[in-house]
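Convert by adding 362 to the 1-based position in the sequence shown; the result is the number in our numbering. First up is the structure itself, then whatever we jot down about it.
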Amino acid sequence: MRRFAVIGLGRFGQKLAVALAMSRAEVIAIDKDRELVELLRDQVTHAVRLDSTDEEALKAQDIADVDVAVVGIGQGTGQGFESAVLTVVNLRQMGVKQIYARAESLIAGEVFSKVGATEVIYPEIEAAQRWAYKLIAPQISEKIDFAPGYSLARIMAPPSFDGKTVMDLQLRQKYNVNLVLVKRGERRKSKKTDKEPIINIPTANTVIYQDDILMVAGSDADLAQLPQE
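Listed below in structure tokens is the structure:
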């Protein structure tokens, strides 16, 4: 079982700690605020009140032995940012191999990286980017990023695709995206003429029907150009 330390129990830290615990991970939740610690006491493995800028206090809780530490201390004030930076420094000096730091700005993220964070989390920026893409490309119900600017996306075949073959659609030529997999929609799965609900190697002659689920890969810009109707 992997061990996580979540330091800073604001909205981000609380939700992260509970989500990790629900995934059956061992979670140590840490904050200076007694009320926040008490709030999570029954939802995580261990909740403790301490000052994470105190390296000895962290060592006393065996934080050096965790697999991953996440610093989510709020940075609304200068003191909060300083506490987060000192906490990252302490974790690095203690030998924690994976240290994730929540940053509220790109500049803060640069500082965290320079003092030892192995990865920086930008919740507000990432959420804004996801919503912007969702508003621009509502036809994409799910997207998995596998490289900067490139994704594997899940879309429902629009009415304009109904009854056309992969060759007819020319997804690669028209939209510069690749069709990876087809999952038949509920209406087609109920028809006895369809032998397989999943087509994991679509061919040029594969027929696409409205409401089929298509997994397509390409750049985010090209995926956003796929038709909605």
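Every residue, glycine too, gets a C-beta built ideally from N, C-alpha and C.
key: Bridge partner(s) assigned by DSSP for A409   = A391
key: Spatially closest choice to Q386 from A426, I506, V539 and T407, by CA coordinates   = Just to set this straight, residue 386 is Arg in the shown sequence, not Gln. That would be T407, whose Cα lies nearest to the Cα of R386.
request  = Report the partner residues of I483 according to the DSSP bridge assignment.
outcome  = R464
request  = Check whether the segment 467-476 touches the segment 392-410, counting contact only when three or more Cβ pairs, one atom from each stretch, lie closer than 8 Å.
outcome  = no
key: Distance between K377 and A490 (C-alpha atoms, nearest Å)   = 18 Å
request  = Less than 8 Å between the CB atoms is what I'm expecting for M456 and I425, so what's the real figure, rounded?
outcome  = 7 Å
inquiry  = Between Q587 and Y537, how many whole angstroms is the CB-CB distance? I'm expecting something under 8 Å.
reply    = 6 Å
ask   = Would A381 be called buried (16 or more neighbouring beta carbons within 10 Å of its own) or exposed?
value = exposed
inquiry  = Using the three-state DSSP reduction, which class does R365 fall into: helix, strand or coil?
reply    = strand
ask   = With which residues is S581 paired in a DSSP beta bridge?
value = Y512
Contact belief for L533 with L541 at Cβ below 8 Å, rounded distance in angstroms = 5 Å
ask   = DSSP three-state call for K526: helix, strand or coil?
value = strand
inquiry  = Just to confirm before moving on: does the CB-CB distance between P500 and Q572 stay below 9 Å?
reply    = no
inquiry  = Can you tell me whether G375 is buried or exposed? The criterion is at least 16 other CB atoms within 10 Å of its CB, across all chains shown.
reply    = buried
query = Going along the chain, which residues of its own chain have a beta-carbon closer than 6 Å to the beta-carbon of K394, five neighbours each way excluded?
reply = D413
query = With a CB to CB cut of under 6 Å and the five nearest residues on each side skipped, what residues in its chain are close to D507?
reply = S513
message = Taking its Cβ as the centre, do 16 or more other Cβ atoms sit within 10 Å of L595, making it buried, or is it exposed?
response = Residue 595 lies beyond the stretch modelled for the chain, which goes from 363 to 591, so this question has no answer here.
Cβ-heavy atom distance, R365 to the ligand FAD, below 8 Å = As far as ligands go, the structure on display features none, and thus does not contain the ligand FAD.
ask   = So, F366 versus D429, is the Cβ gap smaller than 9 Å?
value = yes
key: Delimiting residues of the beta strand (DSSP E) encompassing A431   = V430 to V433
query = How would you call A446, buried or exposed, if buried means at least 16 neighbouring beta carbons within 10 angstroms?
reply = buried
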